[in-house]
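S.K.: Next up is a structure, given as structure tokens.
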Amino acid sequence: MPKGQPSVVPDDGLTTRQRRNRPLVVVHTGIGKGKSTAAFGLALRAWNQGWPIGVFQFVKSAKWKVGEENALRVLGASGEGGTVDWHKMGEGWSWVQRDAQMDNEEKAREGWEQVRRDLAAETYKLYVLDEFAYPMHWGWIDTDEVVSVLRDRPGTQHVVITGRNAPDELVEFADLVTDMSKVKHPMDAGQKGQRGIEW
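Oh and the sequence shown: position 50 is 50 in our numbering, straight run, nothing missing.
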């Protein structure tokens, strides 16, 4: 299986093994579809490696059942790979339901505090902070604080953050950033989201 070769080998005093096993901060941003889907794909790989996984879903409604949640919960309970904990931090699509903004802001802060506690305790090997770019973009959560906490996190904890408009400071700090652009989307032609594709 190809493992990829780096184009540059930094003079950082680390061995190849140490550099390869460095914990990563990954950001999936941009206006295109697939940011969360890609993050959950990484979670599947992590599950296969036996890693404990924490999914923290910001902004999306606690009532909204995404297909990945059911699949990862079943896999996590199977005893064959890693464990999966799923935390829902939002009460609704707050960029549409502005009357609920204060409630969502507080829940986002509570969610971030839980992530901070779990990072300090090294609870998970992979964290999926789904739609977490939004609370930072809206100013609900301080981006500099997030970067500081991620920079100082102990152990080998990987963190994946999804959402449009990822703040520049986060993008600069992250190890891997993918900007998903849109070329075409069925909604452009008036088609609504469909089962098995959007959820």
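Where a beta carbon is used, it is the ideal one built from N, C-alpha and C, also for glycine. Small disclaimer: the values here were computed from a predicted structure and weren't measured.
What did DSSP end up calling threonine 29 once you bin it into helix, strand or coil?
M.R.: If you number the sequence shown from 1, residue 29 lands on position 29. Residue state, collapsed to three classes: strand.
S.K.: Excluding the 5 residues flanking tyrosine 134 on each side, which residues of the same chain have their C-beta closer than 6 Å to its C-beta?
M.R.: On the sequence shown, position 134 is the one that residue 134 refers to. Only Val59 and Gly163 meet the Cβ criterion.
S.K.: Identify whether methionine 89 lies in helix, strand or coil by the three-state DSSP scheme.
M.R.: Locating residue 89 in the sequence shown gives position 89, where the first residue counts as 1. Of the three classes helix, strand and coil, the one that applies to methionine 89 here is strand, per DSSP.
S.K.: Would the C-beta of arginine 19 count as close to the ligand MG, meaning under 8 Å from any of its heavy atoms?
M.R.: Within the structure as shown, the ligand MG is missing, as the structure has no ligands at all.
S.K.: To the nearest angstrom, report how far apart glycine 30 and lysine 192 are at their CA atoms.
M.R.: Looking up residue 30 in the sequence shown gives position 30. Looking up residue 192 in the sequence shown gives position 192. About 20 Å.
S.K.: Skipping 5 residues on each side, what residues in its chain have a beta carbon closer than 6 Å to that of glutamine 194?
M.R.: In the sequence shown, the residue the question calls residue 194 occupies position 194. Result list for glutamine 194: empty, nothing under 6 Å.
S.K.: Where glycine 81 and isoleucine 53 are concerned, what is the direct C-alpha to C-alpha distance, given to the nearest angstrom?
M.R.: Numbered from its first residue, the sequence shown carries residue 81 at position 81. Numbered from its first residue, the sequence shown carries residue 53 at position 53. If I take the Cα positions, the gap works out to 10 Å.
S.K.: With a 10 Å radius around its C-beta and 16 neighbouring C-beta atoms as the bar for buried, classify serine 94 as buried or exposed.
M.R.: Translated into the one-based positions of the sequence shown, residue 94 becomes position 94. Low per-residue confidence applies at serine 94: pLDDT is 42, beneath 50, and the placement is therefore not dependable, though the value from the model is reported in the following sentence. Per the 10 Å Cβ criterion, buried.
S.K.: Given asparagine 48, which residues of its chain have a CB within under 7 Å of its CB, disregarding the five upstream and five downstream residues?
M.R.: If you number the sequence shown from 1, residue 48 lands on position 48. Excluding positions up to five away in sequence, the list reads Gly81.
S.K.: Going by the beta-carbon positions, is the gap between alanine 38 and histidine 158 smaller than 9 Å?
M.R.: As a working note, residue 38 is residue 38 in the sequence shown. As a working note, residue 158 is residue 158 in the sequence shown. No. Outside cutoff.
S.K.: With 16 as the cutoff for other CB atoms within 10 Å, does valine 84 come out buried or exposed?
M.R.: Position 84 of the sequence shown holds residue 84. Looking at its Cβ environment, which holds 16 or more other Cβ atoms inside 10 Å, valine 84 is buried.
S.K.: For arginine 184 and histidine 137, I'd like the C-alpha separation in whole angstroms.
M.R.: Walking along the sequence shown from the start, residue 184 turns up at place 184. Walking along the sequence shown from the start, residue 137 turns up at place 137. Residue identity check: residue 184 is lysine in the sequence provided, not arginine. Lysine 184 and histidine 137 have their C-alpha atoms roughly 25 Å apart.
S.K.: Which whole-angstrom value is the C-beta distance of leucine 42 and leucine 126, which I expect to be below 8 Å?
M.R.: As a first step, residue 42 must be located in the sequence shown, where it is residue number 42. As a first step, residue 126 must be located in the sequence shown, where it is residue number 126. About 7 Å; that satisfies the 8 Å criterion.
S.K.: Rounded to whole angstroms, what is the Cα-Cα separation between valine 25 and alanine 189?
M.R.: Residue numbering aside, residue 25 sits at position 25 when the sequence shown is read from its first letter. Residue numbering aside, residue 189 sits at position 189 when the sequence shown is read from its first letter. Going from the Cα of valine 25 to the Cα of alanine 189 covers about 35 Å.
S.K.: Taking C-beta to C-beta, are valine 8 and alanine 174 nearer than 9 Å?
M.R.: As a working mapping, residue 8 is identified with position 8 in the sequence shown. As a working mapping, residue 174 is identified with position 174 in the sequence shown. Not a contact, by the Cβ cut-off of 9 Å.
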